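Engineer: Please read through the structure below; I'll follow up with questions.
Numbering (UniProt numbering), first residue to last: 1 to 284.
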């Protein structure tokens, strides 16, 4: 499907899709915008798009579930191999240490989107295990294709990860803290240092790590994972407002050089999502 065909994709869902149009999310702008809040908002939520580092959520989920099941020891030490090292986001490429615990690597992936830590964890866990775990969570079209590479050559898979806003938003909504692995995920995601997309225009405390029992009006709490690459801006997470707790996904793919405008589209979607989190649940 071409970019133009994706732009013309019909807004999905009757009520949710209609709300996307009503909020002006389907207006003019570069690239393809997909937004999903399960049961509340759907815009091109079934269109497969490039995820950039948002795809690392699949790896983190496999690690969290492995730790919760006792199959992975968070204290197990993984040695960083030269092939793991990668530029771009992260800190390990600048640090001298070569041996890191699995739990520490997961924190680095979640907090600073560390590419070297991602590659080391992916090598330890295995791409097949990540894919199997993702499928078990309902992530069928959302998948990691390859490790992080810089540069990415024609002989390599075309990108790190692809997926849909609908699958990712449903995954985020499932992180309710009811199981140990979901509590791990929320803890890791709450340490994400990038709040430049969906939460950027919303009043929130970026260093509030614990899931709150309640949130005052006019504010939100967020635990998220972002992805940025040439022509890609993406944000998936859990948002708690004064009215409700929601899972969300915002994916924007567009032409190289349009990244500033893509950020603007993601932030406008964030304003809509913030209003949904503030709405009181309707009693049935």
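Cβ atoms here follow ideal geometry from the backbone N, Cα and C, with glycine treated the same way.
Computed from a predicted structure; not experimentally measured.
Do the CB positions of residue 182 and residue 53 come within less than 8 Å of each other?
Structural biologist: Not a contact, by the Cβ cut-off of 8 Å.
Engineer: Decide if residue 27 is buried, meaning its Cβ has at least 16 other Cβ atoms within 10 Å, or exposed.
Structural biologist: With fewer than 16 Cβ atoms within 10 Å of its Cβ, residue 27 is classed as exposed.
Engineer: Are residue 37 and residue 202 touching if we call contact CB-CB under 8 Å?
Structural biologist: No; because the gap between Cβ atoms is not below 8 Å, this pair is not in contact.
Engineer: Less than 8 Å between the C-beta atoms of residue 222 and residue 242, yes or no?
Structural biologist: Not a contact, by the Cβ cut-off of 8 Å.
Engineer: Return the Cβ separation of residue 195 and residue 206 in integer angstroms, given the expectation that the two are a contact with Cβ distance under 8 Å.
Structural biologist: Correct: roughly 5 Å between the Cβ atoms.
Engineer: With DSSP run on the structure shown, which of helix, strand or coil describes residue 219?
Structural biologist: Looking at residue 219 - three-state DSSP - the assignment turns out to be coil, as it is neither helix nor strand.
Engineer: Quick one: what's got a C-beta closer than 7 Å to residue 146's C-beta in the same chain, skipping five residues either side?
Structural biologist: Around residue 146: 156, 157 and 160.
Engineer: Taking the straight line between their C-alpha atoms, what separation do you get for residue 236 and residue 248?
Structural biologist: Going from the Cα of residue 236 to the Cα of residue 248 covers about 6 Å.
Engineer: Where does residue 140 land, buried or exposed, given buried means 16+ other C-beta within 10 angstroms?
Structural biologist: By the 10 Å Cβ count, residue 140 comes out exposed.
Engineer: Would you call the region 51-67 and the region 100-111 in contact, with 3 or more CB pairs under 8 Å?
Structural biologist: In short, these stretches touch, since the Cβ pair count reaches three.
Engineer: Output the boundary residues of the beta strand (DSSP E) element that contains residue 285.
Structural biologist: Since the displayed the chain opens at 1 and closes at 284, residue 285 lies outside it and no answer follows.
Engineer: What number of angstroms, rounded off, separates the C-alpha of residue 204 from the C-alpha of residue 274?
Structural biologist: Their backbone Cα atoms lie some 10 Å apart in a straight line.
Engineer: Nearest-angstrom Cα distance between residue 256 and residue 30?
Structural biologist: Cα to Cα, the separation comes out at about 10 Å.
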